[in-house]
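This report refers to the structure that appears directly beneath it.
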Amino acid sequence: MGWSENSSDLQSHCQANCSHGECYNGTCFCEIQFEGVQCAEPSVGYHVGFASVFLLVAATSLIQLFICIHAEYARLKTPSFFKACRITNQKFLYILVFLAALLRGLYFAYPASTDEWSSSLLSAYYPVLLTGASLIVCFWAEVFHLRDVEERPPFLSKSFLGFLAFNIITYSLLIAELVITNTQIHSEEDKRFFTNVFNGCYAILMFIVVIFFLIYGVEVYFKVRGGFLHEGESSIPLGIISQSIDTAQLHQSRLGLVSQAMMLLITVCFLLSEILGEFWKKKVPLESRNVFDVLFRVVELGVALWFPCVLWNCMRPDQLWILNPKKILKRLDIATSLELTSRNAEDASPKIPDENGDRKAECWICYDTDTTEAGSMIFPCACKGDVGAVHHECLKRWLIESANNPSALICKVCQTPYQVETKARSWSQINVAITPWHWAQTAGLVLLMCGSVGGACAIIKFYEDSGIRLLAVSVALLIVYICCRFLGLNTVMAYQRAKVSAFKIVSTRTGHTSVNEMGEFPTVQDLSVDGRTQDSIFTSSRPALPTMEM
């Protein structure tokens with residue numbers, strides 16, 4: 001009888017003091033954000049984990065912003081710091097992601113702050129994300145509607161007023177929420193009500209942004225339609241255009257578009273569910289509520305992390321599909337250039353060489369006319385004279401060394417794309433692609449990653465202070481991110497080098513290799529059998545290249 005009374009006392013005591021959890025058999029089982037006997041203390045692991053990741057995203061965006069400014073400063077003919085810092089779409093997105101991730105990181109880093117400011121930090125995250133998403137929508141709208149634009153402005157032009165009006169509405173809601181929730185004229189119940197109202201407004205605005213995000217995204221990256229196409233190309237059927245576009249880049253763009261749209265829609269659903277939480281949260285088990293909260297925060301993190309991922313190339317924004325839809329039409333541009341080159345070649349009148357002025361063609365890379373180890377002499381582009389002929393292996397080695405340049409397969413003089421044939425799989429050329437320096441750099445990065453993770457684990461084990469643990473985890477994650485970035489760049493570089501190594505460069509014209517006194521190659525008929533040009537056999541030796549600026 002005494003045991004039953006004691007158990008009943010424990011149960012009643014548990015129910016009275018289990019503030020952020022549920023009582024089972026006299027024990028408090030806490031929500032994931034809290035810990036302790038009475039579930040009154042913030043959970044260190046939960047808040048440290050999310051604070052570290054969000055602050056890492058903020059630091060990443062800030063680093064990308066600095067790299068972008070430095071790259072633009074280096075590109076200026078007359079370097080000016082103020083010109084390098086001018087607002088562009090890319091820089092503005094970096095700033096927005098930094099602010100959004102910083103706000104959410106501070107929210108998790110200071111869980112013991114007052115309820116009013118904690119709620120403000122929680123809500124301020126959504127207007128900043130809405131600004132970034134609306135900026136992309138407005139930019140894509142200009143890309144789709146505006147035609148015959150030779151050079152697009154660095155920031156929004158025609159759609160700026162719409163972008164400004166949308167964000168005035170968004171930040172007016174934020175200011176109103178800050179005023180209402182941080183004054184003492186309203187009760188706590190009223191403040192919770194207004195917070196739910198403002199979150200509902202954010203959810204509605206986010207849903208509107210997602211709708212237009214999908215409308216213009218589908219038109220540009222699925223239907224391949226818009227003002228970025230050349231005159232007359234917009235009427236070409238998609239099936240014909242798809243034969244000339246960069247399929248890999250197109251699929252990457254579509255994956256990025258769909259992933260962000262899905263995460264934004266899930267965030268809208270989570271926001272609406274949080275608003276209606278008083279109707280369903282008490283009816284579901286504690287474990288389900290904890291899973292809901294973790295998934296909610298992970299999706300929010302994914303929405304912010306998406307921006308640094310798609311803006312990965314800080315130094316060359318023209319290589320980013322999100323800021324340059326023409327990136328998916330790279331092969332179409334090459335085909336157009338090839339057609340123009342062939343027309344120019346047909347219009348050119350043949351020149352008859354002087355018998356007394358004939359001389360052997362000379363490779364413009366090695367200047368050796370007698371070597372047989374550098375492959376056959378080819379004419380890969382429309383250039384004539386001293387830069388028209390080159391050894392196959394000399395040019396191939398040159399292209400391997402400049403594989404990181406997207407325009408490497410284009411002649412720097414006449415801008416004619418080199419015609420290539422793939423004669424081997426890229427992975428079979430890995431011995432050419434990866435140099436000893438690549439191996440050493442990769443090993444050093446892996447060791448640095450392992451050391452940073454091991455050091456963070458040691459600090460967490462020997463120190464109880466949550467601030468030190470948070471700092472250790474943040475530094476370790478930052479080091480791991482930087483190392484992973486360099487490892488990714490090394491992998492991409494090795495793949496590009498291996499891909500170029502597997503190419504066979506096709507000569508655009510064959511025949512005599514003599515030139516006249518004016519340094520021009522004679523125009524002769526192509527030697528072909530059954531409609532196929534006779535390709536010269538090339539060897540595997542690679543001579544040393546002259547010093548060149550990459």
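First residue of the sequence shown? That's 1 in full-length UniProt numbering, and the numbers climb one at a time after it.
All C-beta atoms, glycine included, are put in the ideal place defined by N, C-alpha and C.
These numbers were taken from a predicted model, which means no experiment stands behind them.
Spell out a yes or no on whether the stretch 93-109 and the stretch 299-317 are touching, meaning 3 or more CB-CB pairs, one atom from each, closer than 8 Å.
yes
Give me the Cα-Cα distance between Trp280 and Cys39, rounded to the nearest whole angstrom.
21 Å
In the DSSP assignment, find the unbroken alpha helix (DSSP H) run with Lys83 in it and report its ends.
Phe81 to Ala84
By the 10 Å Cβ neighbour count, where 16 or more other Cβ atoms means buried, how is Glu278 classified, buried or exposed?
exposed
For the stretch 30-47 and the stretch 55-75, state whether three or more C-beta atom pairs, one from each stretch, are separated by less than 8 Å.
no
Anticipated Cβ contact below 8 Å, Phe155 with Ile87, distance rounded:
5 Å
Give the list of continuous alpha helix (DSSP H) stretches no shorter than 4 residues that lie fully inside the stretch 84-144.
89-109
Any 3 or more C-beta pairs closer than 8 Å across the stretch 121-131 and the stretch 160-173:
yes
Does the separation of the CB atoms of Leu62 and Phe98 fall below 7 Å?
yes
With DSSP run on the structure shown, which of helix, strand or coil describes Met518?
Because Met518 sits at a pLDDT of 36, beneath the cut-off of 50, its placement in the model cannot be relied upon, and the point is left open.
Please classify Gly162: does DSSP put it in a helix, a strand, or coil?
helix
Can you tell me whether DSSP reads residue 557 as helix, strand or coil?
The requested residue 557 does not occur in the structure, where the chain is confined to residues 1 to 550.
So Glu22 is in the alpha helix (DSSP H); what residue range does that whole segment cover?
That residue, Glu22, is in no alpha helix (DSSP H); its beta strand (DSSP E) goes Gly21 to Tyr24.
On the three-state DSSP scale, how would you describe Thr513?
Residue placement at Thr513 cannot be trusted, given a pLDDT of 41 that sits under 50; the coordinates are not used to answer.
Using the Cβ count rule (16 or more neighbours within 10 Å means buried), how would you classify Lys223?
exposed
Could you please give the first and the last residue of the uninterrupted beta strand (DSSP E) stretch that includes Ile322?
That residue, Ile322, is in no beta strand (DSSP E); it is neither H nor E in DSSP.
When you compare the stretch 177-196 with the stretch 251-260, are there three or more beta-carbon pairs, one atom per stretch, that lie closer than 8 Å?
no
Beta-bridge partners of Pro42, as assigned by DSSP:
Phe34
Closest by C-alpha distance to Met377, when choosing among Arg75, Cys383, Tyr367 and Val390
Val390
Under a Cβ-count criterion, where at least 16 other Cβ atoms within 10 Å of its own Cβ denotes burial, should Gly105 be classed as buried or exposed?
buried
Check the C-beta distance from Thr60 over to Tyr481 and give it rounded, since I have them as a contact under 8 Å.
6 Å
With DSSP as the reference, label His391 as helix, strand or coil.
strand
In the structure shown, what three-state DSSP assignment does Val224 receive?
coil
Go ahead and label Thr27 buried or exposed: buried means 16 or more other beta carbons lie within 10 angstroms of its beta carbon, across all protein chains shown.
exposed
Cys18 to Val294 span [Cα, whole Å]:
21 Å
If Asn199 and Ile266 are in contact, beta carbons under 8 Å, what's the gap, nearest whole angstrom?
With a Cβ gap of about 15 Å, Asn199 and Ile266 do not count as contacting.
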